[in-house]
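Heads up: the structure comes next, in C-alpha cells.
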Amino acid sequence: MGSVPGRAKHLESAVSFCLLAVLFIIGIVIFIKQSDYDMSRLGVSSTPIELPSQPPTLTREEKPALNSLKPQGFDALSETEVYEPENLYEKINGKAPLYIDSGFVKLFTQRFISESDEDLWMELFVFDMADIGNAFSIYSLQKRPDSEDLADMQFGYKTSNSLYFVHGKYYIELLGSSESAELLYTMEQVADKIIDIFPFDKNTKIDELALLPQENLVPGSTKLYLANAFGFEGLSDTFTAQYKIDGETIMAFLSEQAGITEAKTMAENYRKFLIENGAIPKKAIDQSLEGKTFDFYGTTEIVFSVGPFVAGIHEAENQQTAEKAARLLANKFRMFTEAVSDE
Amino acid sequence: MSNKENNPPRRSRRRFLARAGKATVAIAGCGIASYLLYDPTGPRPGVDAEDLVTLPDFSVPLKPGQTMCVVQGPDRTKTVNKAIEMLGGIERFVNSGDTVAIKPNVAFATPAMLGATANPQLVAEIVRLCYKGGAKKVIVTDNPINDPASCFTLSGVGKATSQAGGKVVLPKTHLFKHTTLIDGRLIKNWPIFYEPFEKADKLIGISPIKHHHRAGASMSMKNWYGLLGGRRNVFHQDINTIIAELAMMVKPTLVILDGTEVMVTNGPTGGSVSDLKRANTMIASTDCVAADSYGCGLLNLKISDLPYLAQAEKAGAGATDVKSLNPIVTTVT
Chain A
1393 MGSVPGRAKH LESAVSFCLL AVLFIIGIVI FIKQSDYDMS RLGVSSTPIE LPSQPPTLTR
1453 EEKPALNSLK PQGFDALSET EVYEPENLYE KINGKAPLYI DSGFVKLFTQ RFISESDEDL
1513 WMELFVFDMA DIGNAFSIYS LQKRPDSEDL ADMQFGYKTS NSLYFVHGKY YIELLGSSES
1573 AELLYTMEQV ADKIIDIFPF DKNTKIDELA LLPQENLVPG STKLYLANAF GFEGLSDTFT
1633 AQYKIDGETI MAFLSEQAGI TEAKTMAENY RKFLIENGAI PKKAIDQSLE GKTFDFYGTT
1693 EIVFSVGPFV AGIHEAENQQ TAEKAARLLA NKFRMFTEAV SDE
Chain B
197 MSNKENNPPR RSRRRFLARA GKATVAIAGC GIASYLLYDP TGPRPGVDAE DLVTLPDFSV
257 PLKPGQTMCV VQGPDRTKTV NKAIEMLGGI ERFVNSGDTV AIKPNVAFAT PAMLGATANP
317 QLVAEIVRLC YKGGAKKVIV TDNPINDPAS CFTLSGVGKA TSQAGGKVVL PKTHLFKHTT
377 LIDGRLIKNW PIFYEPFEKA DKLIGISPIK HHHRAGASMS MKNWYGLLGG RRNVFHQDIN
437 TIIAELAMMV KPTLVILDGT EVMVTNGPTG GSVSDLKRAN TMIASTDCVA ADSYGCGLLN
497 LKISDLPYLA QAEKAGAGAT DVKSLNPIVT TVT
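Line by line, the protein sequences are chains A and B. If you read the first sequence in our numbering, its first letter stands for residue 1393, the second for the next number, and so on. If you read the second sequence in our numbering, its first letter stands for residue 197, the second for the next number, and so on.
Now the structure itself:
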C-alpha cells in the first residue's frame, strides 16, 4: 500500500497548522477591531452616552510635588487633576487648541481652600509646555494689559485676583476666588514654592528677546506667535513688541530664519501675501525702505530682512514713525549679524 | 519494493480527487456562510429610529413688539425683572402648575466673579420669578465640561438655586437619550441630556456674554452645547455649524443674556477679573439668534464676525436683524 513519505507528511501538517494559525489570528484581530469601532465618527453610534471622562492620575513622582505646595492655613479642596492633549478641553474647553498648538504636554491642577474662610480658595494650573519658548508664547498671548509685574520673575504678573508666570517649560496660573489681598499674598507664597520645587535651569533664556532693541520698548509688550503670525502661514516663531516713539505706539516684529537666503525669501513671500490681501506698495520716505513699505487699509506695513532675520512694522498709524522704528530694528540686527560674523 | 510500486497512479488520483472534493466542500461552505452573513446596507445606527427622541418645543406664542427687551442698569435683579415685565410679565412665560427647566451656563468650576458661568443671583431671581408665575416645580440643570458637582458648587449656582427653592439636577448617564436633528448635518443619532427637559413644560436659558477662543463668542446659542453628550469636542472642528444646529434643535421659552459684566478677552474660561468689562446690559428674548446678534456688539463684534448667526437665521432659527423685531430698550437705575 502506498503512502506519503513520513517527512513530507509532517511538513504538510506543519504548514497547514501555520496557515490555520495565521487565519485564526486574523480573525481575532478583526473581531477585536469591530467590537470597539467608533461609530459616532460616521454619524451612527452604538456607544453608550459618555459623561466627562475621569482625568488621568498623577504618577508617584508627580503627586508629592503638588501636595507639598499646599499653603499654610489651607486645605486641599479637590484631588489633583491631570490633563493631557486628548482631554484638555474637559478643563479649559475652547482654549484647548491654543495650548495644544503651542506644544502642550500636560496640565496639573489643584484647588486649595482656606481653613478659616470657605469663600477664600484658589486654583493652581501648571501647564507643561515642553520648553520655555512655548511657555512664554502662551504667557505672552494671554497677558492682561495694565497688570503688575511680579518682582524677581523674568516673566510674571498679577491682577487683583490672579498670578501668571513662566518657570522654565511651565506656564503657571494661580486663580483666586475673590479679590483678596490675603489670598493674593498666599498665592505669591505658592509661586515661590513652585520655583523652589520644580527644577529649572536659570540660564535658560529666550535668545531672540535680546535682539529686540530696548530703547523705547514698552515693558511687558513682547509676544511670541509660534505659528501663523498676522494670518500668514509661513511666519512662525515670530516675536512682536511695542515701541513708544514720538508719542505713538508702534508694533515691530521679528522672526529668525535658517539663513540669509531663507530670510530674503520669507520676506518676499510675506510681501506677496500682503499684496494678495489688499496691501498696496507705497513710496517710502527713507530710500532704504523702498519696495518694502505698504499701505494696508490705511495703516503702514514694512517688511524687510537683515541677515537671517525677517522683521518689520505691523499696522502703524504713522508712516514716518514706522520707518523710524524700522531703522532702529535694522540697525540692531546689522550690529548683531556683524558681531556674529566677527566671531 | 519501490514507492511507485507502493503508490500506483490510480490510488494517487483517487486520493487527489478525495482531497479536492473536501477542499471544494470547505470553500463552498465558506462561500455560503459569507453570503448569509453579508450585510449590503452597512452598519445600522446603534439606536433604532423609534428610540430617537426630540426635544419638546417650549416656545410661547409670538407677540409682535415683545420679542426682545434690552435693559440698561447695574443691578441684575432689577434689570431682569424689568426685561421680563416689558415682554409681558412672567405670566406670559410660566403658567400655573408648570414644571420649568432652567438651563444656565455652569460649564466651569470657577467662582462667579470671574464671569465664566451664569451669575448665581440671576439664576436665583429667575427661579423665584418662575414660582411667582405659578410654577409647580423649577429645576436647574446643565451638563458641564468640568465635574458637574464641582461646577454647581464652586460657581455658586447650586447654593443660589436651593436657596430660591429650585432643584439642581446633575447629569447622569441614564438621563441621556439619542436624537437626530432633521436637516442637521452634525447632530445625527447623538446623545443629548434629555430627561429633565422631557418632563418640563417650559425652558429658560441663562448665559453670560463671553469671548470664546474657538467660536468667537459664547452666548445664548452656545449655552445649548451643555445639552450635548458623548465626545462633543469633535464638533469643535465645525463650531459654527454645531452652534447653528443647537439653535435649530432647542426652542426655548425665553433666553436671558447677561451683559452686566462681559468677558471681553481670554474666554471662555477667563481667570482674571481684568478680563471683564462692565456693560450693564440685560437682554431677554424669545429669539436667541436675535439676543446673540445684539449681544455680540458688547464684545465689539459684528454679526458677520460670528458665522453661526447667519447660518442659524438661514435655517429659520431666528433673526439677526434685531431692528426688525422692534426691541424694547429701557433703563433701570
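All C-beta atoms in this analysis are idealised placements derived from N, C-alpha and C, irrespective of residue type, glycine included. Since this is a predicted model, take the numbers as computed values, not measurements.
Enumerate, from N- to C-terminal direction, the unbroken beta strand (DSSP E) stretches of 3 or more residues contained entirely within the stretch 1481 to 1508 of chain A. 1498 to 1506
Quiz item: Taking 7 Å as the CB-CB cut-off, is residue 1534 of chain A touching chain B?
Solution: yes
ask   = For residue 525 of chain B, which residues from the same chain have a beta carbon less than 7 Å from its beta carbon, with the 5 sequence-adjacent residues on both sides left out?
value = 266
Problem - Within 7 Å of chain B by C-beta, residues of the stretch 1613 to 1633 of chain A in sequence order - result: none
Over what stretch of residues does the alpha helix (DSSP H) that includes residue 1554 of chain A continue unbroken? Run containing residue 1554 of chain A: none in the alpha helix (DSSP H); it sits in the beta strand (DSSP E), 1554 to 1559.
Note down, in chain order, each residue of its chain lying with its Cβ closer than 6 Å to the Cβ of residue 397 of chain B, except the 5 sequence neighbours on either side.
294, 295
Item checked: C-alpha distance - residue 1565 of chain A paired with residue 502 of chain B, whole-angstrom precision -> 29 Å
Item to check | Contact between the stretch 299 to 307 of chain B and the stretch 329 to 340 of chain B (3+ Cβ pairs under 8 Å) | outcome: yes
Looking at chain B, is there any beta carbon in it that lies within less than 7 Å of the beta carbon of residue 1674 of chain A? no
**Message:** Between residue 292 of chain B and chain A, is the shortest Cβ-Cβ distance under 7 Å, so that the two count as touching?
**Reply:** no
Counted within 10 angstroms of its Cβ, other Cβ atoms place residue 1502 of chain A as buried (16 or more) or exposed
buried
Top-ranked residue by Cα proximity to residue 322 of chain B, from B:348, B:464, B:289: B:289
* Asked: Just checking my contact of residue 1632 of chain A with residue 1615 of chain A at CB under 8 Å: how many whole Å lie between their CB atoms?
  -> 5 Å
At which residues does the alpha helix (DSSP H) containing residue 1528 of chain A begin and terminate? 1524 to 1533
Any beta-carbon of chain A closer than 7 Å to the one on residue 467 of chain B? yes
query: Would DSSP call residue 1445 of chain A helix, strand or coil?
result: With a pLDDT of only 46 at residue 1445 of chain A, under 50, the local geometry of the prediction cannot be trusted, and no value is derived from it.
Note to self: Under 8 Å, CB to CB, which of the residues in the stretch 483 to 501 of chain B have a partner in chain A?
What the structure shows: none
Notebook entry, point to check: Looking at C-alpha atoms only, which residue of B:247, B:218, B:512, B:481 is the closest neighbour of residue 403 of chain B?
Noted result: B:481
Quiz item: What are the residues that DSSP puts in a beta bridge with residue 1513 of chain A?
Solution: A:1505
Just to confirm my understanding: we take residue 444 of chain B, look at its own chain, exclude 5 residues before and 5 after, and list those with CB closer than 8 Å. What are they? 377, 379, 380, 508, 511, 512, 513
Hey, could you find the ends of the alpha helix (DSSP H) residue 378 of chain B is sitting in? Segment: none, residue 378 of chain B is in no alpha helix (DSSP H) and carries neither H nor E.
query = residue 1616 of chain A lies in the beta strand (DSSP E); which residues open and close that run?
reply = 1615 to 1617
What did DSSP end up calling residue 212 of chain B once you bin it into helix, strand or coil? helix
| Using a Cβ cut-off of 9 Å, which residues of the stretch 1551 to 1578 of chain A contact any Cβ in chain B, in chain order? | 1551, 1552, 1553, 1554, 1556, 1565, 1567, 1568, 1569, 1570, 1571
### Whether residue 269 of chain B touches residue 528 of chain B by CB criterion (7 Å)
yes
Practice prompt. Using a Cβ cut-off of 7 Å, pull out every chain B residue sitting near residue 1483 of chain A, in sequence order please.
Written response: 342
For residue 1593 of chain A and residue 1506 of chain A, I'd like the C-alpha separation in whole angstroms. 33 Å
Inset, instruction - Would you list, in sequence order, the uninterrupted beta strand (DSSP E) runs of no fewer than 3 residues that lie entirely inside the stretch 279 to 305 of chain B? - result: 295 to 300
- Item | Start-end ranges of the alpha helix (DSSP H) lying completely within the stretch 443 to 502 of chain B, minimum 4 residues | 484 to 491
Count the other CB atoms, across all protein chains shown, that sit within 10 Å of the CB of residue 1583 of chain A; report buried if there are 16 or more and exposed otherwise.
buried
Counting only Cβ pairs nearer than 8 Å, list the residues of chain A close to residue 464 of chain B. 1485, 1486, 1487
Who are the neighbours of residue 255 of chain B on chain A, taking C-beta pairs under 7 Å?
Result: empty, since nearest Cβ-Cβ is about 27 Å, beyond 7 Å.
task: Could you tell me whether the stretch 1538 to 1552 of chain A touches the stretch 456 to 470 of chain B, using the rule of 3 or more Cβ pairs below 8 Å?
output: yes
- If I'm right that residue 264 of chain B touches residue 523 of chain B with Cβ under 8 Å, what's the distance once you round it to whole angstroms? 4 Å
Could you tell me whether the Cβ of residue 470 of chain B comes closer than 7 Å to any Cβ of chain A?
yes
Does any C-beta atom of chain A lie closer than 7 Å to the C-beta of residue 210 of chain B?
no
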